[in-house]
Amino acid sequence: MKQNQLKLYNTLSRKKEAFEAINPPFVGMYVCGPTVYGDAHLGHARPAITFDTVYRYLRHLGFKVRYVRNITDVGHLTGDADEGEDKIAKKAKLEQLEPMEVAQQYTDTYHRDMDLLNTLKPSIEPRATGHIPEQIELVESIINEGLAYEVNGSVYFDVLKYNEKKQYGKLSGRVLEDLMSGSRDLDGQGEKRNAADFALWKNAAPEHLMKWQSPWGIGFPGWHLECTAMSSKYLGKHFDIHGGGMDLLFPHHECEIAQGNACNHVDPAKYWMHNNMITINGQKMGKSLGNFITLSELFSGSHDLLEQAYSPMTIRYFILTAHYRSTLDFSNEALKAAQKGYKKLINGLRTCEKLSYTDTNEIEQDSKQMEQINSSIEQAYRAMDDDFNTAQAIGHLFNLLKKINSLHTGQLHPSQIGQEGFQKLIDTFTYFVTEILGLKEEKIDHQEKLLSALLQVYTEAKTARNYQKVDEIRASLKEIGIVVKDMKDKIDWAYEE
RNA sequence: GGUCGCGUGGCCGAGCGGUUAGGCAGAGGUCUGCAAAACCUUGUACAGCGGUUCGAAUCCGCUCGCGACCUCCA
Numbered sequence: 001m002k003q004n005q006l007k008l009y010n011t012l013s014r015k016k017e018a019f020e021a022i023n024p025p026f027v028g029m030y031v032c033g034p035t036v037y038g039d040a041h042l043g044h045a046r047p048a049i050t051f052d053t054v055y056r057y058l059r060h061l062g063f064k065v066r067y068v069r070n071i072t073d074v075g076h077l078t079g080d081a082d083e084g085e086d087k088i089a090k091k092a093k094l095e096q097l098e099p100m101e102v103a104q105q106y107t108d109t110y111h112r113d114m115d116l117l118n119t120l121k122p123s124i125e126p127r128a129t130g131h132i133p134e135q136i137e138l139v140e141s142i143i144n145e146g147l148a149y150e151v152n153g154s155v156y157f158d159v160l161k162y163n164e165k166k167q168y169g170k171l172s173g174r175v176l177e178d179l180m181s182g183s184r185d186l187d188g189q190g191e192k193r194n195a196a197d198f199a200l201w202k203n204a205a206p207e208h209l210m211k212w213q214s215p216w217g218i219g220f221p222g223w224h225l226e227c228t229a230m231s232s233k234y235l236g237k238h239f240d241i242h243g244g245g246m247d248l249l250f251p252h253h254e255c256e257i258a259q260g261n262a263c264n265h266v267d268p269a270k271y272w273m274h275n276n277m278i279t280i281n282g283q284k285m286g287k288s289l290g291n292f293i294t295l296s297e298l299f300s301g302s303h304d305l306l307e308q309a310y311s312p313m314t315i316r317y318f319i320l321t322a323h324y325r326s327t328l329d330f331s332n333e334a335l336k337a338a339q340k341g342y343k344k345l346i347n348g349l350r351t352c353e354k355l356s357y358t359d360t361n362e363i364e365q366d367s368k369q370m371e372q373i374n375s376s377i378e379q380a381y382r383a384m385d386d387d388f389n390t391a392q393a394i395g396h397l398f399n400l401l402k403k404i405n406s407l408h409t410g411q412l413h414p415s416q417i418g419q420e421g422f423q424k425l426i427d428t429f430t431y432f433v434t435e436i437l438g439l440k441e442e443k444i445d446h447q448e449k450l451l452s453a454l455l456q457v458y459t460e461a462k463t464a465r466n467y468q469k470v471d472e473i474r475a476s477l478k479e480i481g482i483v484v485k486d487m488k489d490k491i492d493w494a495y496e497e
């Protein structure tokens, strides 16, 4: 294990800390997943890619990581006009579908998009609706601790009482007094003892679609409960890393800490990591703002803001070129630049496959070249060790790419860097791009165009009576299962039967 | 209003006290049948004003501008 140098920024301390696993070589990581009531958008891609990279890098360092990312298919209340109504249920009524049908549909598209972005699947992907008993148990346990109270079939977390012994607000840096004055008038506010209290269980109105039987009557779980229930079930009461978007910092993650401490008497996570937002024209991209672009729109180019389609790997690369804690502004110009950068990197990958070491006695080793290569390799890893600075790592990879391209064009001879140096250069570049950054070649799929170009050559060869070439083309196409058909007045092709 | 963060060259985006980040775009060159790619060289950057320091984009203060959270949100 190479955990010695890894540092990560812990929101809890607001500092970069050395990463020390609680129980090495194992690492437990919980990341807040999507609420499946709409297509995944660019904003969903950021945490998915950020924590996929964290997952990949921890595994690279030799850790055995259990990566849990939930699917929220119930719970969260909507704001404003539809106060108190379940988000999933609302969408269901709109489309005349079963709530679970909506959740399933968007879970599927989320998975499809995440696969396209080449994110590794989490070890466990639990659903909120599959953990209702666990959540009820949790509520009971918090009531038993004297930190929650029931009113009209709803249960609220007693933040004031909790704050007597523990500190509510330690993650987000809030002070309880400030919170009590600033809170808005929401549904159920009248039932709460204090404005800062939050719901653990909500009484469901008869027309409410998703509801369950509980000791407090028919209802549904509160906004923050599922993550506490599922993280403690699969990772234990105290685990290594909890991740999510910065917008979840308060109140969601703050409440998770309070819930965890209330029933398990320990902070749920040792390290809290938060990715920053993607902005569009400097403003946060979000569902509620109506300025979001879905991933499938991005992949197909079908959105008014898009000048063209951007491939999944272009998006992945684009996100990796910024540090995860910085905001990243969307623009066609930036995406186009990302597309070129990505392709440059992938062309490097292809060049690596083609290169092989050749020795010659006439050329001496060049220690300066070797130093530059070793330094870039070392710095690329050091950048990852420094709070997963993919942007900086990519910069160093481009420096390596220059060497690779120089080898390819003959401006640098393999002998100058020695066999060992040569292999290290090729291997590191390839491994870093594909395994750590998770970038892969997107093969072009233009079968028709390629075939027609080839058949054009075939036709010309035939006209010129160059039958050797004609046979060659026919043979090579046959190898991939395609037969050339010489018709009376044209040349066509068909799949070999 | 409270809390937190940001402002880097034409664009994106690292850097967080002293070394060329890098990509895209631009200019010049090498290579090339042409082109492309690639390689080499290259430019006006650190919002403004003060301060600390031998030295600041980097630390401190103020000013201006922008954003996030405080309500579901990635």
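The opening position of the first sequence corresponds to residue 1 in full-length UniProt numbering, with each subsequent residue numbered one higher. Every residue gets a Cβ at the ideal spot worked out from N, C-alpha and C, and that includes glycine. Nothing here was measured: the structure is a model prediction, and the numbers come from that model.
In the structure shown, the three-state DSSP call for HIS224 is coil. Collapsing the DSSP output to three states places MET487 in coil. Around LEU160, the same chain offers LEU176, ARG193, ASN194, ALA196 and ASP197 as residues with beta carbons nearer than 8 Å, after the five sequence neighbours per side are excluded. Within the same chain, Cβ atoms closer than 8 Å to the Cβ of ALA21 are found at GLN3, VAL27, PHE63 and ASP240, the five residues on either side in sequence being excluded. Nearest Cα to ILE280 within the set HIS274, LEU298, ILE293 and ALA269: ILE293. Per DSSP, the unbroken beta strand (DSSP E) holding LEU200 starts and ends at 198-203. Three or more Cβ pairs closer than 8 Å define a contact, and the stretch 91-108 falls short of that threshold against the stretch 47-57. By the C-beta criterion, the stretch 336-356 is judged to be in contact with the stretch 305-322, since at least 3 inter-stretch pairs fall below 8 Å.
The shortest CA-to-CA distance from LEU235 to any of LEU412, ARG66 and GLU420 is the one to ARG66. In this structure the stretch 133-150 touches the stretch 215-225; the number of beta carbon pairs closer than 8 Å is three or more. Setting aside the 5 residues that flank it on each side, ASP385 is surrounded in the same chain by GLN5, LEU6 and LYS7, each with a C-beta closer than 8 Å to its C-beta; the list follows chain order. Excluding sequence positions up to five before and after MET210, its CB lies within less than 7 Å of the CB of VAL74, ASP86, ILE88, ALA89, PRO99 and PHE220, all in the same chain and listed in chain order. Beyond the five residues adjoining it in sequence on each side, GLN392 comes within less than 6 Å, by CB distance, of ALA383 in the same chain, given in chain order. Proximity of the stretch 369-378 to the stretch 400-411 meets the contact definition, three or more beta-carbon pairs being nearer than 8 Å. For a cut-off of 8 Å, the C-beta gap from LEU439 to LEU345 is around 7 Å, short enough to register as a contact. Apart from the 5 residues on each side of it in sequence, LYS16 sits with its Cβ closer than 6 Å to the Cβ of LYS7, TYR9 and ASP387 in its chain, given in chain order. Rounded to the nearest whole angstrom, the CA to CA distance from HIS131 to ILE444 is 43 Å. For PHE330, DSSP records a beta bridge to ILE280. Nearest to GLN283 by C-alpha distance, out of ASP329, SER356 and HIS303, is ASP329. In this structure, the beta-carbon distance from VAL36 to PRO122 does not fall below 8 Å.
In its chain, beyond the 5 residues on either side, HIS224, CYS227, THR228 and PRO268 have a beta carbon closer than 7 Å to the beta carbon of GLU256. Comparing alpha-carbon positions, the option among TYR162, ARG316 and ARG350 lying closest to CYS263 turns out to be TYR162. Distance from the CA of LEU248 to the CA of LEU412, rounded to the nearest whole angstrom, comes to 50 Å. Annotation: the continuous alpha helix (DSSP H) that includes GLY418 extends over 414-431.
Per DSSP, reduced to three states, the secondary structure at PHE239 is strand. Per DSSP, the beta-bridge partners of TYR149 are TYR156. DSSP, read as helix, strand or coil, puts HIS41 in strand.
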